[in-house]
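Q: Input: one structure, supplied below.
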């Protein structure tokens, strides 16, 4: 009986996370947008930020998704070693995606990549996208990260050489931001994945988006690079919605991994101003805590 | 970008009216908007190639790059959220679309390129940015869903006919003289890039 119970708890929590993520913004993102509105100097830029804040207010009031592109559903699950059986997770998260699509509602975005057939419920081969990680403890931590296309379509990967170094990383980030212009719905949040292999650099760039905007990387060197890159990005003048201004990004987070001595892969993943994410901790006994 | 104005317009919008609009102007449009994005553009141009008539007329109306989130309610549809989508994906198709179907005001996000600007100049149209992601703000200006065509393309890609009231603020970024507000901006950004990367 107990196994069935926890499946249901996780499924219900996942539906609630998708609802929260698509209709409300985390406090750190809201604070960053308000600050940007106060400090933006370009008139058109301020006009855009004003419309964004008004939209957030209306979405909260009417309990509707902030943006019609509610994205493709991505989950990050960190599983504690004392949590017990977790083989039900793919099924529970897929069912939660179907339910949330119908009930929140979410726009059905997931289609077959070649036939473009849309099953209408945001599920299909490989989606929702689920990432697994392990930790110690008697709980799982579940994060929902619905990801829209405007920002995701601007993703980029560069296989730099060791001699390109930090300078090469900076150039790649700035060129990617400029080429993206207004398309990823700036002010964006930028995730940068450095090192690993090509696939890991991309995965790290997305994982970097999970960290709140007001938290720097724990390692000083990386934290400094985050600050430096953000300042550079906000000197480009791309501005809100690419209409000019000083707020091109609300934040920039880096995650890294060791790379081969002969390579330096760098991945970039954007999140739009609607930086939607929600997280819960679920214990084996069924307690759910939204964090 | 001098003497910009806030204009309230009603569809159908005549070519004469469109040609008065300048980049930097802010529009609020009432009347009819029809959504069309990638798949609907592709199909519309296929219809044209085969001499088939579209199920709807775009002439003088708002062409909205948008894949709305709609919900079935009673016998009809209700728009839940309907912000703009990235217009550049339609850049390779839009000039031909404008030439043949003659929408007056194209609304999307992120701007469009030279081919679209050229068509806007030749046939009398403007392109406007609506704030990306501001989907509830947009939905509030949509009074009702008047119809839908090509629903087989899926909810986001179908042609949705929307009755709009003071839909905006729409920032005009391409006008019918072919001017593109982002061209100047691109030059400024390029100059800044040299400084940033060089440092």
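Residue numbers (the working numbering), protein chains in the order written: chain A, 714 to 1004; chain B, 289 to 487.
No residue lacks a Cβ here, since even glycine has one placed at the ideal position from N, Cα and C.
1. Give a yes or no on whether the minimum CB-CB distance between residue 745 of chain A and chain B is below 9 Å.
2. Rounded to a whole number of angstroms, what is the C-alpha to C-alpha distance between residue 766 of chain A and residue 922 of chain A?
3. Could you name the residues of the same chain whose beta carbon sits closer than 6 Å to that of residue 359 of chain B, not counting the 5 residues immediately before and after it, in chain order?
4. Tell me, to the nearest whole angstrom, how far the beta carbon of residue 780 of chain A is from that of residue 895 of chain A; I am working on the premise that it is less than 8 Å.
5. Have a look at the DSSP bridge pairing and note the partners of residue 480 of chain B.
6. State the CB to CB distance for the pair residue 794 of chain A and residue 904 of chain A, rounded to an integer number of angstroms; the pair is presumed to be in contact (CB under 8 Å).
7. Using only the alpha-carbon positions, how far apart do residue 898 of chain A and residue 421 of chain B sit?
8. Helix, strand or coil: how does DSSP classify residue 783 of chain A here?
9. Which first and last residues belong to the alpha helix (DSSP H) in which residue 765 of chain A is found?
10. Is the shortest distance between the beta-carbon of residue 473 of chain B and the beta-carbons of chain A less than 9 Å?
11. So residue 371 of chain B contacts chain A; which residues on that side make the cut at Cβ distance below 7 Å?
12. For residue 427 of chain B, decide whether its Cβ has a neighbour in chain A, counting only Cβ atoms nearer than 9 Å.
13. So, is the C-beta of residue 977 of chain A closer than 9 Å to a C-beta in chain D?
14. Which whole-angstrom value describes the C-beta separation of residue 1004 of chain A and residue 996 of chain A, a residue pair presumed to lie in contact below a C-beta threshold of 8 Å?
15. Is it right to say residue 887 of chain A is buried, meaning 16 or more other beta carbons lie within 10 angstroms of its own, or is it exposed?
16. Output needed for residue 738 of chain A: all residues of its chain with C-beta closer than 8 Å, excluding positions within five of it in sequence on either side, in chain order.
17. Can you say whether residue 290 of chain B is buried or exposed, counting buried as having 16 or more other CB atoms within 10 angstroms of its CB?
18. Give the range of the alpha helix (DSSP H) segment to which residue 417 of chain B is assigned.
19. To be precise: take each residue of the region 356-367 of chain B, compare its Cβ to all Cβ atoms of chain A, and keep it if any distance is under 9 Å. Which residues remain?
20. What's the C-alpha gap between residue 441 of chain B and residue 327 of chain B?
21. Could you tell me whether the region 298-317 of chain B touches the region 335-349 of chain B, where touching means 3 or more Cβ pairs closer than 8 Å?
22. Between the Cα of residue 790 of chain A and the Cα atoms of A:758, A:757, A:845, which residue gives the shortest distance?
23. Could you check the C-alpha separation between residue 877 of chain A and residue 919 of chain A for me, to the nearest Å?
24. Do residue 477 of chain B and residue 758 of chain A have their CB atoms nearer than 9 Å?
25. Helix, strand or coil: how does DSSP classify residue 739 of chain A here?
26. Quick one: what's got a C-beta closer than 6 Å to residue 969 of chain A's C-beta in the same chain, skipping five residues either side?
27. Please list, in chain order, the chain A residues whose beta carbon lies closer than 8 Å to that of residue 443 of chain B.
28. Quick one: which chain A residues come within Cβ less than 7 Å of residue 486 of chain B?
29. In the DSSP assignment, the alpha helix (DSSP H) including residue 982 of chain A goes from what residue to what residue?
A: In this structure, then:
1. no
2. 21 Å
3. 366, 368
4. Incorrect: roughly 15 Å between the Cβ atoms, too far for contact.
5. BP columns for residue 480 of chain B are empty, so no partner.
6. No, residue 794 of chain A and residue 904 of chain A are not in contact; Cβ-Cβ is about 28 Å, not under 8 Å.
7. 7 Å
8. Three-state DSSP puts residue 783 of chain A in coil, outside helix and strand.
9. 756-775
10. yes
11. 780, 781
12. Interface flag for residue 427 of chain B against chain A is set, since a Cβ pair is found closer than 9 Å.
13. The structure shown contains no chain D; the protein chains it does contain are A and B.
14. Going by Cβ atoms, the distance from residue 1004 of chain A to residue 996 of chain A rounds to 12 Å, so no, they are not a contact pair.
15. Using a 10 angstroms sphere on the CB of residue 887 of chain A, the tally of other CB atoms reaches 16 or more, which defines it as buried.
16. Only 746, 769, 779, 987, 988, 989 meet the Cβ criterion.
17. Note that residue 290 of chain B has pLDDT 49, beneath the 50 cutoff, so the model's placement of it is unreliable and the number below is only indicative. Exposed is the call here.
18. From DSSP, residue 417 of chain B is part of no alpha helix (DSSP H) but of the beta strand (DSSP E) over 414-418.
19. Against chain A - using a Cβ distance shorter than 9 Å - the residues of the region 356-367 of chain B are 356, 357, 358, 359, 367.
20. 7 Å
21. yes
22. For residue 790 of chain A, the nearest C-alpha among the options comes from A:845.
23. 23 Å
24. no
25. Note: residue 739 of chain A maps to coil in three-state DSSP.
26. 907, 908
27. 820, 821, 831, 833
28. Annotation: residue 486 of chain B has no Cβ neighbours in chain A at a cutoff of 7 Å; minimum Cβ distance is about 10 Å.
29. From DSSP, residue 982 of chain A is part of no alpha helix (DSSP H) but of the beta strand (DSSP E) over 977-984.
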